[in-house]
DNA sequence: TTACACATGATTGTATACAATGCAAATCCA
DNA sequence: TGGATTTGCATTGTATACAATCATGTGTAA
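Chains as they are written, first to last, in the working numbering: chain A, 2 to 236; chain B, 2 to 236.
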């Protein structure tokens with residue numbers, strides 16, 4: 002099996018070295034092997050990847066544009082640590098953009114697209130079975146990206162891709178384990194609606210799916226109460 | 002008057018040199034001094050700005066992320082030339098995002114914000130009077146960015162900022178001179194609605210304003226007809 | 001004359017060296 | 001001992017040198 006799809010289909014085009022580095026770091030962030038706040042030293046990375054600091058810097062700047070890393074002038078790059086506010090905003094933006102995208106996808110999807118989506122779901126399910134949660138989160142995100150791609154609106158798809166990248170970080174920070182509802186079901190229903198070409202239904206399903214996701218995060222504001230050490234430490 | 006506003010208020014923070022270069026190029030693009038398709042040679046730019054190619058490259062990559070320049074591997078950077086399709090998509094995205102943003106702005110605006118908006122309008126009007134069309138277009142864009150800032154949703158505001166940057170390019174390419182309706186009026190009405198805190202009205206006004214803008218562009222598909230030189234040249 | 005191949009020049013991609021900045025530990029003074 | 005200051009080190013910011021790649025123009029052969 003020469004071209005089997007372990008991951009999503011490669012766009013066929015050898016990535017430049019800085020893109021390769023950026024992808025590797027991005028993947029590590031998505032799979033939660035790099036925790037938010039981790040320092041990303043240039044020298045260290047250039048040793049790891051066997052390239053010069055020049056290309057590492059390019060990769061880091063690229064990731065900074067996606068809000069996956071924060072670069073502080075003269076202090077270096079760190080894995081981004083989205084604030085509660087940012088977390089909320091990201092999901093609000095997704096709730097604004099993705100339902101309409103799902104509708105468009107339902108109206109434009111070809112049968113080949115449906116197949117791709119179904120394969121995503123089974124991959125996702127497999128990852129959950131194995132217990133590889135990082136991979137599951139990443140595949141779940143790529144499912145959403147795939148829908149945006151099917152909708153065939155590059156501009157909005159770009160936005161969504163960025164939002165999903167950040168969502169992965171947010172999930173790493175704010176996910177509450179109690180509500181471990183397997184979201185494969187929601188994805189499955191979505192694919193059904195898209196396969197039927199039912200735009201209305203796809204839009205609704207996507208909206209409720211995102212609301213579920215949003216509410217599965219612990220985005221309550223915890224910073225207000227403990228203003229002082231005394232308040233925080235003496236009950 | 003020490004702190005008079007020729008431009009928008011500076012965010013107070015010395016920009017790094019690559020940001021300075023990026024801003025200068027961006028400004029030139031926004032004011033249509035650099036036409037779409039123009040080659041941006043690294044050596045040439047490093048001479049112009051008196052910096053090394055290193056910082057020029059960083060600036061160009063930054064602009065590429067905003068879709069203001071296209072970078073072709075081993076061939077260099079060029080001022081982006083948005084396709085008809087991209088042009089349509091950008092305005093569709095704006096019509097999706099900005100009306101809701103205008104509503105949020107109306108609900109959150111403080112009196113200081115209103116003042117800023119009004120000053121934007123008068124600056125814009127002044128530029129039109131002088132006949133500095135490039136500056137007028139840029140200020141018009143910054144008016145929209147200011148509204149997004151007032152709405153206080155950084156994530157969406159970022160998207161809008163990028164969309165407006167591209168809009169300027171699109172206007173340079175596809176504006177049809179006949180429909181030179183001065184859009185200051187639309188902006189003025191918007192500020193009124195925002196000042197009154199009338200979110201509903203602001204949303205509607207923004208929507209119709211964007212539709213007007215969109216329809217003032219010549220986004221008809223002209224590529225279909227003249228497939229051959231003969232068809233194009235012999236009437 | 002046209003088409004193709006090759007050589008040459010110009011431009012970008014990458015690596016490395018040096019300068020500037022920030023952080024932290026050590027020092028000095030009260 | 002406490003605090004401010006200085007000094008040293010580690011890291012980032014910038015410049016430059018070299019390698020790789022692409023575009024252009026020339027020459028030769030069909």
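Think of the CB as a built atom: it goes at the ideal place given N, C-alpha and C, for glycine as much as any other residue.
- At the C-beta level, residue 218/B and residue 81/B stay beyond 7 Å of one another.
- Residues of the region 84–104 of chain B with a Cβ closer than 9 Å to any Cβ of chain A, in chain order: 86, 87, 90, 91, 93, 94, 97, 98 and 101.
- Residues are counted here when their Cβ sits less than 8 Å from a Cβ of chain B; for the region 116–146 of chain A the count is zero.
- Under the Cβ distance rule, residue 66/B counts among the residues neighbouring chain A, one pair being separated by less than 7 Å.
- Nearest Cα to residue 113/B within the set 100/B, 195/B and 201/B: 195/B.
- Close CB contacts of residue 121/B within its chain, under the 7 Å cut and outside five residues either way in sequence, are with 140, 143, 144 and 147 (chain order).
- Along the region 152–171 of chain A, going in chain order, the ones with a CB nearer than 8 Å to a CB of chain B are 154, 155, 156, 157, 160 and 164.
- Of 95/B, 103/B, 38/B and 130/B, the smallest CA-CA separation from residue 205/B is found for 103/B.
- Where residue 80/B is concerned, the enclosing beta strand (DSSP E) starts and stops at 77–80.
- Taking one beta carbon from each stretch, the region 20–28 of chain A and the region 46–64 of chain A have 3 or more pairs nearer than 8 Å; the two touch.
- Cβ contact annotation for residue 42/B (same chain, cutoff 7 Å, sequence separation greater than five): 77, in chain order.
- The three-state reading of DSSP puts residue 71/B in strand, counting E and B together.
- Assigned with DSSP and collapsed to three states, residue 85/B falls in helix.
- DSSP places residue 213/B inside the alpha helix (DSSP H), whose first and last residues are 200–216.
- The beta-bridge partner set that DSSP reports for residue 41/A consists of 78/A.
- With contacts defined as CB atoms closer than 7 Å, residue 95/B and residue 164/B qualify as a contacting pair.
- With a beta-carbon spacing of about 7 Å, residue 187/A and residue 213/A fall inside the 8 Å limit used to define contacts.
- For residue 52/A, there is no enclosing alpha helix (DSSP H), as DSSP marks it with neither H nor E.
- For residue 34/B, there is no enclosing alpha helix (DSSP H), since its DSSP letter is neither H nor E.
- For residue 163/A, the uninterrupted alpha helix (DSSP H) segment begins and ends at 155–175.
- For residue 74/A, the residues of chain B that pass the 8 Å Cβ criterion are 17, in the order they occur in the chain.
- Out of 137/A, 189/A and 37/A, the CA that lies nearest to the CA of residue 125/A is found in 137/A.
- Taking the C-beta atoms as reference points, residue 32/B is found nearer than 7 Å to residue 135/B.
- DSSP places residue 110/A outside both helix and strand once states are collapsed to three, so it counts as coil.
- Chain-order list of chain B residues neighbouring residue 201/A: empty, with the shortest C-beta distance near 18 Å, by a criterion of under 7 Å.
- Under a criterion of Cβ atoms nearer than 7 Å, the residues of chain A adjacent to residue 59/B are, in order, 62.
- The Cβ atoms of residue 193/A and residue 154/B do not sit closer than 7 Å to each other.
- Counting along the chain, residue 221/A sits inside no alpha helix (DSSP H), nor does DSSP assign it H or E at all.
- Measuring C-alpha to C-alpha distances from residue 99/B to each of 130/B, 46/B and 149/B identifies 149/B as the nearest.
- Under the DSSP assignment, residue 132/A falls outside any alpha helix (DSSP H); it carries neither an H nor an E label.
- Nearest to residue 88/A by alpha-carbon distance, out of 198/A, 209/A, 168/A and 208/A, is 168/A.
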